[in-house]
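There are 2 protein chains.
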Amino acid sequence: MAGEFALIDKYFARPTPSAVLGPGDDCALLQPSPGKQLAVTTDMLVAGTHFLPDTDPRNLGWKALAVNLSDLAAMGAQPRWVTLAGAMPAVDEAWIAKFAEGFFACAAEYCVDVVGGDTTRGPLNLCITALGEVEPGQALRRDGAKPGDQIWVSGRPGLASLGLAHLQGKIKLPEPWPRLCVGALEKPRPRIALGLALNGIASAAIDVSDGLLADLGHIAERSGCAAAVKLVQLPHLPKGDSYDAVLRKMALECQLTGGDDYELCFTAPGPQSLAISRIAAELELPLWCIGEMTAGPAGEVTVFDPDGKLVEFDCKGFDHFA
Amino acid sequence: MAGEFALIDKYFARPTPSAVLGPGDDCALLQPSPGKQLAVTTDMLVAGTHFLPDTDPRNLGWKALAVNLSDLAAMGAQPRWVTLAGAMPAVDEAWIAKFAEGFFACAAEYCVDVVGGDTTRGPLNLCITALGEVEPGQALRRDGAKPGDQIWVSGRPGLASLGLAHLQGKIKLPEPWPRLCVGALEKPRPRIALGLALNGIASAAIDVSDGLLADLGHIAERSGCAAAVKLVQLPHLPKGDSYDAVLRKMALECQLTGGDDYELCFTAPGPQSLAISRIAAELELPLWCIGEMTAGPAGEVTVFDPDGKLVEFDCKGFDHFA
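And the structure:
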């Protein structure tokens, strides 16, 4: 047993002040806050599917946790605890040390304790379960949007997939976008503070992991209405000396269908727009009103160009089994 | 998205009466019972490491959940909710349907709701996180054993690994053991009721997943004392017409070092033995007092033969990275 357990202890058993009992027993023990509801999410990341096997393990550690915390953010929950299970082909201590560094940096940034885990031999795979807390009735579900609600998105969706295209040599981004886009890809920042601020304000929310249109479609479907997005209201994307038609097309595609951004897309009744402006100012985070929910067919997402004409898109997101 | 989400919905999104919000949103929402503590455990099962790729998917579904519930049992917790994340090389609907059948059979048997999950492409891998509840201060931790406490084990540890050896043709078990041993291997029964009954009675507990001596060693190490096991007090194992020296040796080895049984090994002060006998009778589950904790070196496990002589063992359990 020594090998496996020594490995876990050395890199992943750190103090867990917010737990009654941390790693090392059959279970971790946690004391939920009185009256709060528990938000639970789990994500599995597979080498070759979600990340390249040669991804910098520090970045991978950060991102593996960040994408789970993003689901808590999309629910308006306060992150509290996480578990981490991992399979790897062999024990590579240098890799594990760097992965743990990135993982715990993200845990520290967002104040979550790593309360348990499991390590085993197998093709590289990471599975994280995150637990957060939210006041009963305040959670930002996907099913609360109503026709007439405004559609909002935070930050600049599309940056991560532009960063990937840049790294792959498919496009050459003008300055200063390479750093911004690659940063968005490698070190996404879950919008925890935004999710918490939207408690009681947003009618529905989701994090943009599969692509803006696809994820907005999930809100529309679960809410039983449609969504209309106006291109002219989207955030600006890369312009520069090398700004050309190829880049412009790619930028728009990334914005609408690129995944991996972990911005929040949310809906809110029109009268909340002032409150939302205040949140944007307080968090120093751009929030864009990009369209409106409509009484159209459940799950339908339509996009209009600056002239009010309908725009067609082929790809609405990323499907691991497509 | 349709492919992936339709797949999840069809087989894994079932009613979740014990959840505020089940699968399909960014997170599940749960309402913990007032005042209770939450016990959390996560396990990753990898094809080729924990099970053969051609394992019957029904059995695999049952066992994948059962081994997690066993960790809750070892903590004395009442199982409530689980999440399931899985990677598979391709969508095999027949396989998924059978896996789900076994998984939900186990969930129904032990009254847990499957509240969330994630499905992705990759080498076959299953990761389950289970949540249970326990009264504050009542959890069966590994670190509470004291010198003089009696050591107990439930059922007949060793059956699962005997079943494996039988299936692999290494031994030929006499009747009626093949059915019992293969059943223990393929459909382990987490000792939930025992764990709950031991609240306030046991001083420490663990489930036998790595092997009796190895897991008892974890209790001893965390409790800062040693353990002495007497062979003569162990449950009887296969005897029959074909009972021979090879089988006897194998049976003893499996009993002491074979994993995958998911019986509970626990310690309790001597005066609790009557209460423990009553529990055995009520649950119709054999409970064996197999030795005593001692003031020896922390983590040391010694085994004595019927003549009181020390017995040596090479292998103390299973280490995925050994």
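Protein chains in written order, with my numbering: chain A, 11 to 332; chain B, 11 to 332.
Just so it is clear, CB atoms sit at the ideal spot from N, CA and C, and this is done for glycine as well.
Chain B contact residues for residue i, given Cβ-Cβ distances below 8 Å
i, result
"Cys235(A)", "Those do not exist, as Cys235(A) stays about 16 Å from chain B at its closest Cβ, beyond 8 Å."
"Met85(A)", "Asp35, Asp36, Cys37, Leu39"
Terminal residues of the beta strand (DSSP E) in which residue i lies
i, result
"Ile181(A)", "Careful: Ile181(A) lies outside any beta strand (DSSP E) and carries neither H nor E."
"Glu264(A)", "The sequence shown places Cys at residue 264(A), rather than the Glu named in the question. No beta strand (DSSP E) holds Cys264(A); the alpha helix (DSSP H) holding it covers 255 to 267."
"Cys121(B)", "Per DSSP, Cys121(B) belongs to no beta strand (DSSP E) and is neither H nor E."
"Gly96(A)", "88 to 98"
"Gly142(B)", "135 to 144"
"Ser164(A)", "160 to 164"
"Asp313(B)", "The sequence given here places Val at residue 313(B); Asp does not occur at that position. Counting along the chain, the beta strand (DSSP E) containing Val313(B) begins and ends at 311 to 314."
Cross-strand partners of residue i (DSSP beta bridge)
i, result
"Asp217(B)", "Leu274(B)"
"Thr304(B)", "Ala236(B)"
"Gln47(A)", "Val144(A)"
"Gly127(B)", "Leu94(B)"
"Asp53(B)", "Ile138(B)"
"Phe61(A)", "Ala57(A)"
Chain B residues whose Cβ lies nearer than 7 Å to that of residue i
i, result
"Ala149(A)", "Leu39"
"Ile216(A)", "Asp36"
"Gly127(A)", "Thr52"
"Gln47(A)", "Val30, Leu39, Leu40, Gln41"
Burial state of residue i (16 or more Cβ within 10 Å)
i, result
"Gly327(B)", "Low confidence applies here, because Gly327(B) scores a pLDDT of 49, under 50, leaving its location unreliable; read the following figure in that light. So Gly327(B) counts as buried."
"Ala212(B)", "buried"
"Gly147(A)", "exposed"
"Gly126(A)", "buried"
"Gly301(A)", "buried"
"Glu231(B)", "buried"
"Pro44(A)", "exposed"
"Gly32(B)", "buried"
"Ala100(A)", "exposed"
"Pro27(A)", "exposed"
"Cys37(B)", "buried"
"Ile58(A)", "The question names Ile, but residue 58(A) in the sequence shown is Gly. Answer is exposed; the Cβ neighbour count stays below 16."
"Gly280(B)", "exposed"
"Leu320(B)", "exposed"
"Arg151(B)", "buried"
"Ala332(A)", "Low confidence applies here, because Ala332(A) scores a pLDDT of 38, under 50, leaving its location unreliable; read the following figure in that light. Ala332(A) is exposed by the Cβ-count criterion."
"Ser287(B)", "exposed"
Helix, strand or coil at residue i [DSSP, three-state]
i, result
"Gln41(A)", "coil"
"Pro211(A)", "This sequence places Ile at residue 211(A); Pro is not what is there. Looking at Ile211(A) - three-state DSSP - the assignment turns out to be coil, as it is neither helix nor strand."
"Leu320(A)", "strand"
"Leu295(A)", "coil"
"Lys20(A)", "helix"
"Asp225(B)", "helix"
"Pro33(B)", "strand"
"Val192(A)", "helix"
"Ala285(A)", "helix"
"Ala155(A)", "coil"
"Leu150(B)", "coil"
"Gly205(B)", "helix"
"Leu244(B)", "coil"
"Gly132(A)", "coil"
"Lys197(B)", "coil"
"Gly327(B)", "A caution first: Gly327(B) carries a pLDDT of 49, below 50, which makes its placement in the model too unreliable to give a value."
Alpha helix (DSSP H) segment containing residue i, residue limits
i, result
"Val77(B)", "67 to 84"
"Ser171(B)", "169 to 177"
Within chain A, the residues that residue i reaches when beta carbons sit closer than 7 Å
i, result
"Lys81(B)", "Here the sequence assigns Asp to residue 81(B), which means Lys is not the residue at that position. Neighbours of Asp81(B) on chain A, chain order: Asp36, Cys37."
"Thr7(B)", "For chain B, the structure presents residues 11 to 332; residue 7(B) sits outside this window and is missing."
Beta-carbon neighbours of residue i, restricted to chain A and to distances below 8 Å
i, result
"Arg152(B)", "Gly34, Asp35, Asp36"
"Val56(B)", "Ala97, Thr130, Arg131, Gly132, Pro133, Asn135"
"Thr304(B)", "Near Thr304(B) there are no residues of chain A at all, since even the closest Cβ is about 21 Å away, more than 8 Å."
Interface residues of chain B facing residue i [CB-CB closer than 9 Å]
i, result
"Trp232(A)", "Here the sequence assigns Arg to residue 232(A), which means Trp is not the residue at that position. Those within 9 Å of Arg232(A) in chain B are Gly34, Asp35."
"Pro44(A)", "Pro44, Gly45"
Contacts of residue i in chain A (Cβ-Cβ under 9 Å)
i, result
"Thr59(B)", "Ala97, Thr130, Arg131, Gly132"
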